[in-house]
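Asker:
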Amino acid sequence: MTALDDRDLGTPASGARRTVALSVDGIAVEVPAGTSVMRAAALAGLPVPKLCATDSLEAFGSCRLCLVEVDGRKGTPASCTTPCEDGMAVRTQTPRLERLRRLVMELYISDHPLDCLTCPANGDCELQDMAGVVGLREVRYALGANHLDAPTDGSNPYFSFDASKCIACSRCVRACGEVQGTFALTISGRGFDSKVSAGADVPFLESECVSCGACVQACPTSTLQEKSVIELGIPTRQVRTTCAYCGVGCSFVAELRGSELVRMVPDKAGGANAGHSCVKGRFAWGYASHPDRVLAPLVRESIDEEWQEATWDEAIGFAARRLRQIQAEHGVDAIGGITSSRCTNEEVFVVQKMIRAAFGTNNVDTCARVCHSPTGYGLKRAFGTSAGTQDFASVDDADLVMVIGANPTDAHPVFASRLKRRLRQGAQLVVIDPRRIDLVRMPHVQAEHHLQLRPGTNVAVMNAISHVVVAENLVDRAFVADRCDPMSFGAWEEFIRLPENSPEALEAETGVPATQIRSAARAYAAAPNAAIYYGLGVTEHSQGSTMVMAIANLAMVTGNIGRAGVGVNPLRGQNNVQGACDMGSFPHELSGYRHVSDDSVRSLFEDAWGAPMRAEPGLRIPNMLDSATTGAFRALFIQGEDIAQSDPNTQHVEAALRAMDLVIVQDLFLNQTARFAHVFLPGTSFLEKDGTFTNAERRINRVRPVMPSRTGKTEWEVACALATAMGYPMAYASGAEIMDEIARLTPTFAGVSFDLLDRVGSVQWPCNAEAPVGTPIMHGEAFTRGLGNFVTTPYVPTDERTTRRYPLLLTTGRVLTQYNVGAQTRRTANTTWHAEDVLDMHEADALVRGIADGSWVEISSRVGATMLRARISDDVPAGVVYTTFHYPVSGANVVTTDNSDWATNCPEYKVTAVEVAPRSVAGAPT
Amino acid sequence: MTTLFIPRDSAARSVGADEVAVRLAALLPGSTIVRTGSRGAMWLEPLVEVDTPGGRRGYGQVTPDDAESVAAAISAGTGHALEVGLVDDLPWLADQHRLLFARSGLADPLDADAYVALGGLRALRAASAMDPLEVVAAVEASGLRGRGGAGFPAGIKWRTVAAAEADRKYVCINADEGDSGTFADRLLMEGDPFALIEGAAIAGLAVGATQGYAYIRSEYPDAVATMRDAVAEARDRGWLGPSVLGSGRGFDLAVRVGAGSYVCGEETAMLESLEGRRGMVRAKPPIPALAGLHGRPTLVHNVLTLASVVSILGDGADAYAALGRDRSRGTQVFQLAGNIARGGIVELPFGPTLRELVEGYGGGTRSGRPVRAVQLGGPLGAYLPASRLDVAMDYESVAEAGGMLGHGGIVVFDDTVDMAEQARFAMEFCAEESCGKCTPCRIGAVRGVEVVDRLRAGDDPDGDRAVLLDLCEVMRDGSLCAMGGLTPQPVLSALEHFGEDFIPRTAVGA
Amino acid sequence: MTTDTAAPHPRLAKMANQIAASVPDAARSAEQTAAHLHAFWTPQMIADLRLAAGTDPERLRADVHRALALLRRD
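Protein chains in written order, with the working numbering: chain A, 47 to 972; chain B, 456 to 965; chain C, 34 to 107.
#1: What does the Cβ neighbour count give for H42(C), buried or exposed, with the cut at 16 atoms within 10 Å?
#2: Reducing DSSP to helix, strand and coil, say where R748(A) ends up.
#3: Roughly how many whole angstroms lie between the Cα atoms of T863(A) and H880(A)?
#4: Does M659(A) come out as helix, strand or coil in the three-state DSSP assignment?
#5: Take S559(B) as the anchor and find which of P501(B), P462(B), P587(B) has the nearest alpha-carbon.
#6: Under the rule that 16 or more other beta-carbon atoms within 10 Å means buried, what is S649(A), buried or exposed?
#7: Would you tell me roughly how many angstroms separate the C-alpha atoms of K759(A) and A374(A), rounded to the nearest one?
#8: Can you tell me whether H952(B) is helix, strand or coil according to DSSP?
#9: At a Cβ threshold of 8 angstroms, is N669(A) touching chain C?
#10: For a contact defined as C-beta to C-beta under 8 angstroms, what are the partners of S62(C) on chain A?
#11: Using a beta-carbon distance below 8 angstroms, is L665(A) in contact with chain C?
#12: What does S673(A) touch in chain C if you count any residue whose Cβ is under 7 angstroms from its own?
#13: For V806(A), which residues from the same chain have a beta carbon less than 7 angstroms from its beta carbon, with the 5 sequence-adjacent residues on both sides left out?
#14: Just checking my contact of N391(A) with N622(A) at CB under 8 angstroms: how many whole Å lie between their CB atoms?
#15: If you draw a straight line from the C-alpha of R733(B) to the C-alpha of E727(B), how long is it?
#16: Note down, in chain order, all residues in the region 582-612 of chain A with a beta-carbon under 9 angstroms from any beta-carbon belonging to chain C.
#17: Return the chain-ordered list of same chain residues with a C-beta closer than 6 angstroms to the C-beta of L194(A), the five sequence neighbours on each side being excluded.
#18: Do A841(B) and V946(B) have their C-beta atoms closer together than 8 angstroms?
#19: Anyone know if the C-beta pair for V150(A) and S257(A) falls short of 8 angstroms?
#20: Could you list which residues in chain A have their beta carbon closer than 8 angstroms to that of H69(C), in chain order?
#21: Based on Cα-Cα distance, which residue from P751(A), T770(A), P728(A), G472(A) lies nearest to E494(A)?
#22: Going by C-alpha to C-alpha distance, which of Q371(A), P668(A), S673(A) sits closest to A690(A)?
#23: List the residues of chain C that H641(A) touches, going by C-beta distances under 9 angstroms, in chain order.
#24: Return the residue from the list G611(A), D411(A), A598(A) that minimises the CA-CA distance to L446(A).
#25: In whole angstroms, give me the CA-to-CA distance for F679(A) and R370(A).
#26: Once DSSP output is grouped into helix, strand and coil, what is the label at A439(A)?
#27: Among G954(B), L459(B), V594(B), R511(B), which one has its Cα closest to the Cα of V764(B)?
#28: Need the endpoints of the beta strand (DSSP E) that T958(A) sits in, please.
#29: Just checking, does the region 430-440 of chain A make contact with the region 683-700 of chain A on the three C-beta pairs under 8 angstroms criterion?
#30: Put L50(A) into one of helix, strand or coil per three-state DSSP.
#31: In angstroms, rounded to a whole number, what distance separates the CA positions of G383(A) and F683(A)?
#32: So for A577(A), helix, strand or coil by DSSP?
#33: Quick check on DSSP: helix, strand or coil for A655(B)?
#34: Shortest alpha-carbon distance to V476(A) belongs to which of V449(A), G259(A), G910(A)?
#35: I need the DSSP call for N757(B), collapsed to helix, strand or coil.
#36: Could you tell me whether the Cβ of D1019(A) comes closer than 8 angstroms to any Cβ of chain B?
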């Protein structure tokens, strides 16, 4: 249930092109064939009363409030389940219908508590609304059998289930299945005893429920109700904004009561999420008001001292003086900064501008370095654009989906729900992952092919797949001839045909049976529309960039680019990875991925900014840290990132930070990195920001301030103040003005403005004169670079090999309820589900080491060791162990190495040779 | 050597047929005992038949205690009190026109050779050599209507499924016979299973379905076992399988046991149940003929409908259509039950009067008291008062008289019946069996029981009567399926014809 | 502009070798390595690599040496 005023048309839109014409209460309506009478009536402005229908769910026909009459037909069909037909004459209001509806409502109310005035949903309840609409005045049934004493299940930390208010409409059950695809809820019992049950009649918390909130959203009464609403009351105002968790970029309506945020409701109009949400975006926003938030600037001379609170002027003045001093002593390039993928495009743009224009160096990088920099590199070389090719809706047209090194149900849950729906409709699934991720087998979804490769052999597997496509003549010759560079294709074809790239030759290396590779390759090539979705399991390898290009090759050689249902789709980790990269955060590129060596581009910025631009690339994050240990690099501005926890080889990162003269951290919390900082500039949560995020599908979404900045400053104001204090005056009146500057300086953003976004909701770049409302699917007629470029992708094994000393391979990932380094989610009730990181290991590996399920173990690599609890799991094959990095105490990155992608230095998080040994509890971290 | 025929169907067994068979076998060494299906003369069960030169001689209601004397009479060729003469000459049977039940009771139901000898398989042989659309046309020409209750023209369904394009199609046999007082489906499955298999195979070939399912209610374990054995036998003989009778076209059948819910007799709830979900009614459209089992075109028919196809294809659509009256063609299997002297199967062309069935074939009430009410069409059918016994038993005439022919069940009550209690029972039955999906049925049935109770208590007769009538209206017009939609029939008919029963006894006395 | 004269980080050599081993066309690895270094490395990093090439030539692949030579020509 939601207080949104969006019209609910009752049943989903029909995708049919053919239309039918009918009349509803004498009004002529024309709708796509397959549209329900209910929807047609609502579109005609004649909403039919309803309770079990809602346009996010298929029609169900159970409540019987929406009965209508159709001329020439007997009876009173339900309008939700009756499709429109040509020439139909529908009546939605007749004395008979009004009478029937009152009689139905009388039955409902005969088994419903009469406590509207004290109910948390009072004023926000469809049952209450409908009782009014149908004109119920009296319930003539004496108190009989009822559910008024049915218990309330409050086990979930975020919502409660009050069975006494349930009207058994099944909207929650259907939402769990149709929208979320988890199928945790069911109706148990039958007849009057029908009731909603989680799992096998267990409390919600113990069931398969993933707390996505779809059931709460779907509930027309107060049965499933956010606890925050029960506690704070019905919201009174709304602000549309964008979630700040993963790269899906869900649109939300923040609902407030006065200035207090009551709940976050997924926005039905949201381009990325279409009204769906996950446990993080929907519920885990309480960190914004967590007492750990630092709200005033902090300063200290040395990291061994205690923090001193300071005014903004003092802190910024201190930082500016020290930065200039360091540059004077050690050179302009002795300082640099890191932009954050957590921040808005506007905040990122201003920080990189500060670094390039005020610092005078290209030593700017972004945390995308450690996740998707290979995507930017690889896709730019192959297609000409450093971004995914599709919108999320494209998956609705896919006949085969290949998921490589991604775990969408945990890391991109809202997209995963969309994907699962398509899979339930019959699309095939190929999973390429060392782990048996949930998608491999879950309710009503099963992967036809799971290529369970050895970590680190991605490129070998992808080459083998392409080898089969070429060797078995499954190439889309027409597409290759029309759309791709013939020279590059010729060279690539010759390479990929080599016997060394055959599945049989690579079987021993990859661990994947050749027959599996061949059948998966044939299925991909044969599918009318085959789409690839990939995550950090592709990029975070020594050959991450090569793998991205190998994926692009496979898509091109089979013609799977340039239309709905196909494409190459990176699933971005953080909310604004795409945007941070777009905004010119890489040391070699200005906004819009234009190399700093390009004189015309540089002069554009020099003219606009009135400052000289350097023609040579600056340092990447790992280069900065390396240079810090040698003393060449001495000061770092870090916007919203916790490199001491998130970056690999923690000891090395800490040594580098410790070696610097000045570390400036801008963040919500005193994170691990802040232990090494001299200046702490409090940041703002997404609820306080005014700007834009760009999600994994290049969709630019508005982030609107739900509440004023709790620090008294916007983050871009802080960067402007620092630049100004350093002698380069920077000032903007608003986020909108920053976007206007971005648009002026960036061709792919030329048409973007807050005004446009406020008008159309969101746009996908490129958005310019050629595409005034954006580009959902790229490379339709031609590639951005003209002809698609095949890049030869020889497999080069990683240096990180198992040895007798380190015989296991560690790979890392995340869980649904936690996010990245956990700075936010650890400060919410999401810890209910995942209170510590654990190490998944196969029973065989555990047995030989004497490790029991749940016992403490030490995991060590050649760079470090840490401790966590072991979990015996057959999700990982023997020889592979897996953990998450959400908790600083377990510090998974203590063991990850400084190996990295050859082209981008993206760390090789996904392959670390390790040993695991049992440890007593006494040695456990506390 | 003497051959005895003793039914093996569950009704006969429930009154001791097994024990009788065992004793007779011991008493008559050297004789052959064939366990058959039932003749449908439930009032004579266990009916023991003995092969004689003149025909089969019957002994009715033979209890195990009677075995010795009956055996003696058989051996000696002397008379016996239980003897009923030549069975085929019994007027009760001889006056029937049996197509569907022509074979049941004559042979071992699992003896496939006997099935063929008795005329079986002619229809499938013919159909497998015909163009599928010719078969569909024959079913259309026969005028066959669905025997499950709704009486929908079978030919239209067949043509719809045949015309639908899909990678797979199904035939589903609805054998979830849940109506009280009906037992014809069970008798047929236990007594002549190959006829049902043959009918399903013909349907499969005609509409292009390759897989069939027989959904049999869990309360029918004997029918399930018999059907399973018969399906295995049919498969062995090539009547089912990848190439039916060598036609090159495949059809197979599997037996599924129902979920023990009345509403699973509703076709869409049955499909849900077959797909492994709770038996909950689906909204229509889409109709199962276009999107049924697993979303594929599905021909759903009752047992008797599919078995009727054997006559239609075996003897010709014209011969079939020549039987019956008006828009009700062929034969109907009337099932006499309740307070009736001669209960059982009476198969006749549509059109006999209810009086002929109840008083003629049925012999009036078993109690000997006057008939007061007859319920047609199962527990949700209307009650007709004795004054309407002259209604002709075809779909339209019965509807005109305020009743529902339904599946052919006829339940008789004598003048001791409390019709208010019967009305209450209808609501209670609905409350018990409702799937719980739609509101009028889920809540309404429970309220219905309560309102009938209040009405009978008599505190506010006018008010409660108005509420009950309103409730019946919303259940009839508002329910999702026939379960809730039909429940008002027995209630309203009881109110209409037997209003006096709803007045509290105290009020009557006052 | 003053430049710090601290010793280059040892990882530069490893990175350069990895690039040369990973560029698409093994036959043109020196050219492709040179192009890559030019596009993505700071002048100081290249200078540091050159320093390492001089002091410890064995640590670098032959094509990295050739790439440095190509870069000098630019």
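Built from N, CA and C at the ideal position, the CB exists for glycine as well.
Answerer: According to the data block:
#1: buried
#2: strand
#3: 7 angstroms
#4: coil
#5: P462(B)
#6: exposed
#7: 29 angstroms
#8: helix
#9: yes
#10: Result: empty, since nearest Cβ-Cβ is about 10 angstroms, beyond 8 angstroms.
#11: yes
#12: H42
#13: V819
#14: 7 angstroms
#15: 6 angstroms
#16: S588, Q589, S591, T592, M595
#17: P159, S210
#18: no
#19: no
#20: A949
#21: G472(A)
#22: P668(A)
#23: A72
#24: G611(A)
#25: 14 angstroms
#26: helix
#27: V594(B)
#28: 958-964
#29: no
#30: Per-residue confidence for L50(A) stands at a pLDDT of 41, beneath the threshold of 50, marking its modelled position as unreliable; the derived number appears in the next sentence. Note: L50(A) maps to coil in three-state DSSP.
#31: 4 angstroms
#32: strand
#33: helix
#34: V449(A)
#35: strand
#36: Absent from the model: residue 1019(A). The displayed extent of chain A is 47 to 972, so no value can be given.
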